[in-house]
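Undergrad:
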Amino acid sequence: MSEGYPGVVLITGAANGMGANHARALAALGVHVCLADIVDTAPLLAELQASGASVSGHVLDVSDPAAWERVIDEIRSSAGELGGLVNNAGISRRRGLAETTDADWEATLRVNLFGPFYGMRAAAPLMRDSGGGAIVNISSIAGRIGYFSPAYAASKWGLTGLSKSAAGDLARWGIRVNSVHPGLIDTPLVAGADDFIAASVRSIPAGRMGTPDEITDAVLYLLSDRSTYLNGSELTVDGGLISNGLYHRILADTAGEHA
Ligand SMILES: NC(=O)c1ccc[n+]([C@@H]2O[C@H](COP(=O)([O-])OP(=O)(O)OC[C@H]3O[C@@H](n4cnc5c(N)ncnc54)[C@H](O)[C@@H]3O)[C@@H](O)[C@H]2O)c1
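So the number in our numbering is just where the residue sits in the sequence shown, counting from 1, plus 1459.
#1: Could you work out which residue in Ile1600, Pro1575 and Leu1541 is closest to Ala1626 when comparing CA atoms only?
#2: State yes or no: is the C-beta of Leu1710 nearer than 6 Å to some heavy atom of ligand 1?
#3: Would you say the beta carbon of Gly1602 is closer than 6 Å to some non-hydrogen atom of ligand 1?
#4: Within 8 Å, do at least three Cβ pairs link the segment 1636 to 1647 to the segment 1592 to 1612?
#5: Do you know whose CA, among Pro1664, Gly1691, Val1649 and Ala1658, lies nearest Pro1671's CA?
#6: Is any heavy atom in ligand 1 found nearer than 6 Å to the beta carbon of Ala1548?
#7: If you draw a straight line from the alpha carbon of Val1570 to that of Val1468, how long is it in whole angstroms?
#8: When DSSP builds the beta bridges, which residues end up paired with Ser1638?
#9: For Thr1646, is the beta carbon positioned less than 6 Å from some heavy atom of ligand 2?
#10: Straight-line CA distance for His1507 to Val1514?
#11: Give the secondary structure of Ile1534 by DSSP, where H, G and I count as helix, E and B as strand, and everything else as coil.
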């Protein structure tokens, strides 16, 4: 077991993207990682097992409450404990209000908001029985500001509120709940959107997209005993985009005129 981290951590959406990055980092620290995804986690499972890591794979559609109960039962009977949960699985529908169909709206809310609700409800009793722990909900900067896709923004703002409420409720069981709000991160989710990325980067004071490792570092911190007094917090990891992006862009577009 790794010093300062829970012995067992469950990550949703672990097969790809940032979830897989969190899984690799935690496994390298000696944490037993439960990889959960709606798609097959076998390739990552094999990769991590080959490196000597302790991992298990779980088929999970986060929008299915019965599937959550099954996965938590699997972890209770195999690992016997759970000290960390990372609600990372998410989907994005980049559509404006008028173009958002009922199906878009429902799917986005069910995965991004209902999923973490079902997950925390199912996992919290096992975490309590394991002596407490930490839940990290992956929201977005779209859960802190207005965003062009209302379904995605509503789901992520909802997740921000859900995280804060759960933080207060679960504190009595020694469980902390915090949310991470990534900005523009270089993952397959944004691949191909070159014009969008180039325009976005002009508004990011850091001058670049973030890397998955920079989000993983925030997740590791919130899972670890270096953050034992953080509860109900929002950790924004965006290179200064939402705090300073507006004036960064204005100054860039009026180069020198403000001086
Ligand atoms: N990439 C970014 O720039 C960015 C920015 C802000 C927030 N986020 C958030 O970070 C999280 C991870 O994003 P990513 O870029 O790694 O995405 P990704 O698309 O690379 O990976 C998402 C994973 O979630 C899984 N998934 C989808 N629906 C699921 C379901 N119903 N049940 C279980 N698993 C499911 C997918 O199979 C996939 O493995 C998401 O919550 C996303 O909203 C991403």
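Cβ atoms here follow ideal geometry from the backbone N, Cα and C, with glycine treated the same way. Only a predicted model underlies this, so the values are computations on that prediction, with no experimental measurement involved.
TA: Inspection of the coordinates gives the following:
#1: Pro1575
#2: no
#3: no
#4: yes
#5: Val1649
#6: yes
#7: 20 Å
#8: Asn1596 and Glu1693
#9: Ligand 2 is absent from the structure shown, which contains only ligand 1.
#10: The displayed chain sequence assigns Leu, not His, to residue 1507. Between Leu1507 and Val1514, the C-alpha separation is close to 7 Å.
#11: helix
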